[in-house]
Amino acid sequence: MTNHKSQPTRIFPIALCGHALKYEIECICKIFLPVTKFQFFFDAATLPDGETDGAVLTLEQLPDAQTRFFVRVTYRGQTQQDTQLFPKCDPVVDKALCEYRFSAMLYRLFERLTDLHPAWGLLTGIRPVKKVQPLLAQGMTKQEVCQNLCDTFWVSPEKAALTYDTAMTQKPLLDQTPQRSVSLYVSIPFCPTRCSYCSFVSHSVEQAYQLIPDYLQKLCAELEIWGEMVRQLGLCIDTVYFGGGTPTALTADQLDLVLESVEAHFDLTHLREYCVEAGRPDTITAEKLDVMRRRGVSRISVNPQTMHDSVLETIGRRHTTSQTVDAFHLARQAGFDNINMDLIAGLPGDTPEGFHDTLEQIFALDPDSITVHALTLKRAANLFADGVSQVHNPVQQMVEESIRRLPEHGYAPYYMYRQKNTIDNQENVGYARPGKESLYNILIMDETQSIFGAGCGASTKIVEPQGRITRIHNYKFPYEYIRQFDQLMEKKQQVREIFERMEREES
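FYI, the numbering for the sequence shown is 1 to 507, going by the numbering used here.
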């Protein structure tokens, strides 16, 4: 899906008549028109004067208990349209059904206009595996599951098989999730430098150096509050995940301070996984590795993103390929037997040949898991401003090679997620050797276990037995987190109230 003939339309107006089903319609448009801004108009039969390209989607209730769906798309001077009649359906009561019908019509029209045939079809959600799990519960075989995805959502056979294989790897691990367990996420929002593709709320250590002591003091205080709540509610900690940012951007003493706080305030005897996203190779030292080992960390990431120095320089990562290799060997020497390495397919300046070489170098290191991300143009990232230049990005070819070659080297897909504005509508997949899967990654994608978030930018997600999810967000920026810490901690009462209500409902 890389055959765009020229730059995409920068602003694409869309008129919605008789309904307000904006979300899925915009998702479908983004698949075919990357790096495009969409302007919506409601209750208007035509587009604004002077606009050539655009779309009109009309829903009309007819007197004979039927509903008329009309879609017209104009793109680069060509127009395609379609009208379909269905049994009466209401855009509010039957929202999902109406969205599906509009999406299917819009998708087919764009296929004709662009000659693009996206491998994920109509699937626009973050979690494709969730479409597979109900089918597995019905006892469907792999062939039946894949056929269902192909027939219902027009997913390609290759993506359907990848989704099925991921679900099957996850299933036994999810079945082992302890009752009344939660995971803990700890945010360290500092990095050595900011990468061009990054949209995380993170600050370079150079810029935020003076904030770090106060931030860590508040973070440890929040961990104490969470620890007390876990004990009072009779919960157990299942996994701990340090993310960011780059946790190892801290000094060894600072990192030890936070790890010691986790150890002091939580019972870790039932812990199935303790992961620190070490990330940047230029932040990994023998001293920090020793601190993590002493504090019980069982899994780390050493993330090269690419094994080509020229590409690293282009994206603003101040480390070299040789530093990645040295950091990996240092971690092995320190005793870590569960090391992940992250790669990004489609980085600026990379090529299919370069990505192939990166895979070869990673295979030679023999990590325990490899996560392959497709480049995403996030609005908060510096790269987004130059997004048009990425339309011809050969990311699809790179992703296809990873899907083919990682299983050949003993890595099975174990978790998957998709993001908006991903180049060529691709996906992010974690691959692991048996027994080396990241449980936290699986759990956060599956959304069947509550996660308590500590630190700025962290999100607490409370999952109730019937599937209802409540999200409580911490402040995004360190200075907000520090200055308004007391008000933020008052939100913890909401967590307590929800768990106490769930307990009453269970009894």
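Cβ coordinates follow ideal geometry from the N, Cα and C atoms, glycine included.
Just so it is clear, the structure is predicted and the values come from calculations on it, not from any experiment.
Check	Outcome
Rounded Cβ spacing between Ile344 and Leu162 (contact assumed at less than 8 Å)	With 8 Å as the limit, Ile344 and Leu162 do not qualify as a contact, their Cβ atoms being about 18 Å apart.
Buried versus exposed call for Thr117 [16 or more other C-beta atoms within 10 Å across all chains shown]	It should be pointed out that residue 117 corresponds to His in this sequence rather than to Thr. Classification for His117: exposed.
Residues near Asn208 in its chain [Cβ-Cβ closer than 7 Å; skip 5 each side]	Per the sequence shown, the amino acid found at residue 208 is Ala instead of Asn. Result list for Ala208: Phe190, Pro478, in chain order.
Distance between Tyr414 and Val429 (C-alpha atoms, nearest Å)	7 Å
In chain order, each alpha helix (DSSP H) run of at least 4 residues that lies wholly inside the stretch 171-251	205-208, 212-232
Pro13 (DSSP reduced to helix, strand or coil)	strand
Beta carbon of Leu173 nearer than 7 Å to that of Ile442	yes
Residues that Cys543 bridges to, as DSSP identifies them	For residue 543 there is no data in the structure shown, the boundaries of the chain being 1 and 507.
Separation of Glu287 from Pro304, as counted between CA atoms	20 Å
Neighbourhood of Lys159 by C-beta distance below 7 Å, restricted to the same chain and skipping five residues each side	Ala119, Trp120
Three-state class that DSSP yields for His373 in the structure shown	strand
Residue range of the beta strand (DSSP E) that includes Leu85	78-87
DSSP three-state assignment for Gly121, whether helix, strand or coil	coil
DSSP three-state assignment for Asn474, whether helix, strand or coil	coil
Straight-line Cα distance separating Arg504 from Gln426	43 Å
Residue from Pro192, Val186, Tyr107 whose Cα sits closest to the Cα of Trp154	Tyr107
3 or more residues per run - each beta strand (DSSP E) lying fully within the stretch 281-330	299-302
Delimiting residues of the alpha helix (DSSP H) encompassing Arg496	492-506
Residue environment, Ala55, which counts as buried when at least 16 other CB atoms sit within 10 Å	buried
Alpha-carbon to alpha-carbon, Cys17 and Leu62	14 Å
Backbone secondary structure at Tyr417 - three-state DSSP	strand
Collapsed DSSP secondary structure at Met140 in the structure displayed	coil
Thr516 and Thr283 closer than 7 Å at C-beta	Nothing can be reported for residue 516: it is not among the residues displayed for the chain, which extend from 1 to 507.
Alpha-carbon spacing of Ser156 relative to Ile469, whole angstroms	31 Å
Separation of Val92 from His19, as counted between CA atoms	8 Å
Three-state secondary structure (DSSP) of Leu488	helix
Proximity below 7 Å, CB of Tyr520 to CB of Thr239	The question about residue 520 has no answer here: the residues shown for the chain are numbered 1 through 507.
Proximity of Ala458 and Ser187 at Cβ, strictly below 7 Å	yes
Simplified DSSP assignment, three categories, for Lys461	strand
Helix, strand or coil at Lys436 according to DSSP, with G and I counted as helix	coil
For Leu406, the three-state DSSP class (helix, strand or coil)	helix
Thr460 burial status per 10 Å Cβ neighbour count (16 or more: buried)	buried
Residues near Arg280 by beta carbon distance below 8 Å, same chain, minus five either side	Cys191, Pro192, Thr246, Thr248, Ala249, Asn303, Arg317, His319
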